[in-house]
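Protein chains in written order, with this note's numbering: chain A, 19 to 172; chain B, 272 to 421.
See below:
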């Protein structure tokens, strides 16, 4: 077993996702660089990864959120950017993970709408209770039979 | 500022909303970061060493598979530190192998048996649900502040 010497000790890394009709990840990166003050920024297809001392990263995140408050989302990351165990440059293929982000990304627009609506409307939530969603409706056996027959015919 | 455990522990939406409304989200990344930044024995990809299932004995019995105990060594300290929790009940993304599935059950059981305020919500599937989702989390977190100051 080899010894392990960690890099970037004492830093935090955060993902910044932008899902906005008015701001692209590259535009966000340009504006973030202007206020970075030494925090390491990595531009990605979905936004940024920022790495630095906790208080510096917090300051940068506060500034970044101001650009488009309802459409910028932030979360912690365990690994620093470019870590050889996770970076696809070393793995020689698609990077593992991101499945959770992929699952949540289509829902961000509803959350953005909620943030905007509550921000504009004085913060009152709608009165009527949410209808319970039917949980995982089962596939009808006749429908399944039709699908099998269709597949066999084609 | 309260420490709020989020489930799924990797959720971007929950992590963002909890931080946005002024609290500290407790997610998987914090435990992973702790391991990644601690010197020791090289154990890729997540620096989970053979010591972890032993630490997991605090949260699960010895006959529980080591996979569950290893995972609980990541989540257990976060659950211990949690002062509140937000749970998404229809999170399909939290599926996984038996180790992940049983760990998830144990996480939810541990949270529910702990005497802390818990909010259970479902992911929004429309704009209207989005408003309710954000409002529910915002109001829950605002009440935490009141409870702390009371």
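Using N, Cα and C, we set each Cβ at its ideal position, and we do this for glycine too.
Close Cβ partners of residue i (< 8 angstroms) along its chain, the five nearest in sequence each way excluded
i	result
residue 303 (chain B)	317, 318, 345
residue 362 (chain B)	278, 279, 282, 394
residue 98 (chain A)	25, 26, 29, 31, 69
residue 289 (chain B)	275, 277, 295, 296, 357, 408, 412
residue 113 (chain A)	104, 105, 106
residue 309 (chain B)	318
residue 392 (chain B)	357, 358, 359, 360, 404, 407, 408
Contact set between residue i and chain B, taken where Cβ atoms lie within less than 9 angstroms
i	result
residue 92 (chain A)	283, 286, 287, 290, 291
residue 37 (chain A)	Neighbours of residue 37 (chain A) on chain B: none; closest Cβ ~10 angstroms, over 9 angstroms.
Where residue i falls, given that 16 or more other Cβ within 10 Å makes a residue buried
i	result
residue 172 (chain A)	exposed
residue 372 (chain B)	exposed
residue 44 (chain A)	exposed
residue 291 (chain B)	buried
residue 386 (chain B)	exposed
residue 380 (chain B)	exposed
residue 137 (chain A)	exposed
Beta-carbon separation (whole angstroms), residue i vs residue j, contact threshold 8 angstroms
i	j	result
residue 297 (chain B)	residue 276 (chain B)	5 angstroms
residue 46 (chain A)	residue 66 (chain A)	6 angstroms
Neighbouring residues, chain A, relative to residue i (Cβ below 7 angstroms)
i	result
residue 310 (chain B)	22, 23, 24
residue 398 (chain B)	128, 131
residue 341 (chain B)	None at all; the shortest Cβ gap to chain A is about 16 angstroms.
residue 394 (chain B)	125
residue 313 (chain B)	19, 20, 21, 22
Own chain residues within Cβ distance below 7 angstroms of residue i, not counting five before or after
i	result
residue 365 (chain B)	279, 375
residue 336 (chain B)	370
residue 95 (chain A)	31, 32, 33, 67
residue 63 (chain A)	43
residue 134 (chain A)	88
Sequence-distant residues of the same chain with beta carbon closer than 6 angstroms to residue i, five excluded per side
i	result
residue 388 (chain B)	355
residue 330 (chain B)	343, 347
residue 324 (chain B)	337, 340, 341
residue 126 (chain A)	37
Residues that residue i contacts on chain A, provided the C-beta gap is smaller than 8 angstroms
i	result
residue 375 (chain B)	The premise fails here: residue 375 (chain B) is roughly 13 angstroms from chain A at the closest Cβ pair, so nothing lies under 8 angstroms.
residue 404 (chain B)	128, 129, 132
Amino acids of chain B, ordered along the chain, whose beta-carbon sits closer than 7 angstroms to that of residue i
i	result
residue 253 (chain A)	Absent from the model: residue 253 (chain A). The displayed extent of chain A is 19 to 172, so no value can be given.
residue 119 (chain A)	283
Under 8 angstroms by beta carbon: chain B residues contacting residue i
i	result
residue 113 (chain A)	Chain B residues near residue 113 (chain A): none, gap ~11 angstroms exceeds 8 angstroms.
| task | List in chain order: all unbroken beta strand (DSSP E) runs of 3+ residues lying wholly within the stretch 63-139 of chain A. | result | 65-70, 90-95
* **Uninterrupted alpha helix (DSSP H) stretches inside the stretch 280-306 of chain B (no shorter than 4 residues)** => Correct list: 283-291.
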